[in-house]
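Peer 1: Order-wise, the sequence lines are chains A and B.
Position in the first sequence (first residue = 1) + 50 = the working numbering.
Position in the second sequence (first residue = 1) + 101 = the working numbering.
Quick one: structure below, then a few questions.
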Amino acid sequence: QQQVKQSPQSLIVQKGGISIINCAYENTAFDYFPWYQQFPGKGPALLIAIRPDVSEKKEGRFTISFNKSAKQFSLHIMDSQPGDSATYFCAGSGSARQLTFGSGTQLTVLP
Amino acid sequence: KAGVTQTPRYLIKTRGQQVTLSCSPISGHRSVSWYQQTPGQGLQFLFEYFSETQRNKGNFPGRFSGRQFSNSRSEMNVSTLELGDSALYLCASSYQGSDHTEAFFGQGTRLTVV
């Protein structure tokens, strides 16, 4: 019941396009859902996070959409740029404060 | 503000040896968590320390242990290394009051067991 399922595994988008990554969680005790961006040779960096009391959160070109009843959330990257090419991880966390990560999505934005 | 610092960045060890990895959190952060990242298993939680106490532990064998010092710096130790322990070990720090706060990751220590 601790899993977070992430899709797709890889994604190729043209510059200027919209990148969409989806996650589904099972643990209803999760109350914090962050997204991390990881470049090769680097640690994950927090991109944006949401709590289940809101359905959407936007920060610049990045938006999280959250559907509590479906236990799903997604990351939208608007106007995708080659510099966005990285691996993206969704995660969930509950009172135990440990992050349960999805399997990651390797995003490639073509110039 | 300096970020999370992990040392060493790279390590090569022989099967059966033990290894100690170090993590210096962001100044003022009291919580340190450790994660293992592998291509096959992804990012998996090892343990979390807060004010020198282990608050939470993931599903790893007892060969994996850790500790936190009074200055919040943390170390993790892996004894009797196995080939499967080859991974990127990541440390994350956060302020961690009573609510979730942002977790900031270091660049990791790449451990190779031969």
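Here a beta-carbon is modelled for each residue, glycine too, at the ideal position from N, C-alpha and C.
These numbers come from a predicted model, not from an experiment.
In chain B, which residues lie with their C-beta within 9 Å of the C-beta of A95/A?
Peer 2: Those are F205, F206, listed as they occur along chain B.
Peer 1: For L160/A, count neighbouring C-beta atoms within 10 Å of its own C-beta (all shown protein chains included) and say buried if the count is 16 or more, exposed if not.
Peer 2: With fewer than 16 other Cβ atoms within 10 Å, it is exposed.
Peer 1: Which stretch, first to last residue, makes up the beta strand (DSSP E) that contains I100/A?
Peer 2: Element bounds for I100/A: 95 to 100.
Peer 1: Using DSSP with H/G/I as helix, E/B as strand and the rest coil, what is L184/B?
Peer 2: The answer is helix: DSSP assigns L184/B an H, G or I state.
Peer 1: Could you give the DSSP three-state label for P132/A: helix, strand or coil?
Peer 2: Helix, per DSSP.
Peer 1: In this structure, how does DSSP classify Q107/B when only helix, strand and coil are distinguished?
Peer 2: The answer is strand: DSSP assigns Q107/B an E or B state.
Peer 1: I want to see whether chain A comes within less than 7 Å of L191/B, judged by CB atoms only; does it?
Peer 2: Judged by the 7 Å Cβ criterion, L191/B is in contact with chain A.
Peer 1: Below 9 Å between beta carbons is the criterion; list the residues of the segment 167 to 188 of chain B that meet it against any residue of chain A, in chain order.
Peer 2: Under the 9 Å Cβ criterion, the segment 167 to 188 of chain B contributes no residue.
Peer 1: Quick one: Cα of Q50/B to Cα of S166/B, how far?
Peer 2: No statement about residue 50/B is possible, as the shown extent of chain B runs from 102 to 215 and does not include it.
Peer 1: What does DSSP give as the partner residues of I114/A in its beta bridges?
Peer 2: I114/A is bridged to K107/A, L125/A.
Peer 1: Examine the Cβ distances between the segment 61 to 68 of chain A and the segment 117 to 131 of chain A and report whether three or more of them are shorter than 8 Å.
Peer 2: Verdict: yes, contact present.
Peer 1: Buried or exposed for R110/B, going by 16 or more other Cβ atoms inside 10 Å?
Peer 2: Exposed, since its Cβ has fewer than 16 Cβ neighbours within 10 Å.
Peer 1: Is the segment 119 to 134 of chain B in contact with the segment 106 to 124 of chain A, if contact means three or more CB pairs nearer than 8 Å?
Peer 2: No, the segment 119 to 134 of chain B does not touch the segment 106 to 124 of chain A.
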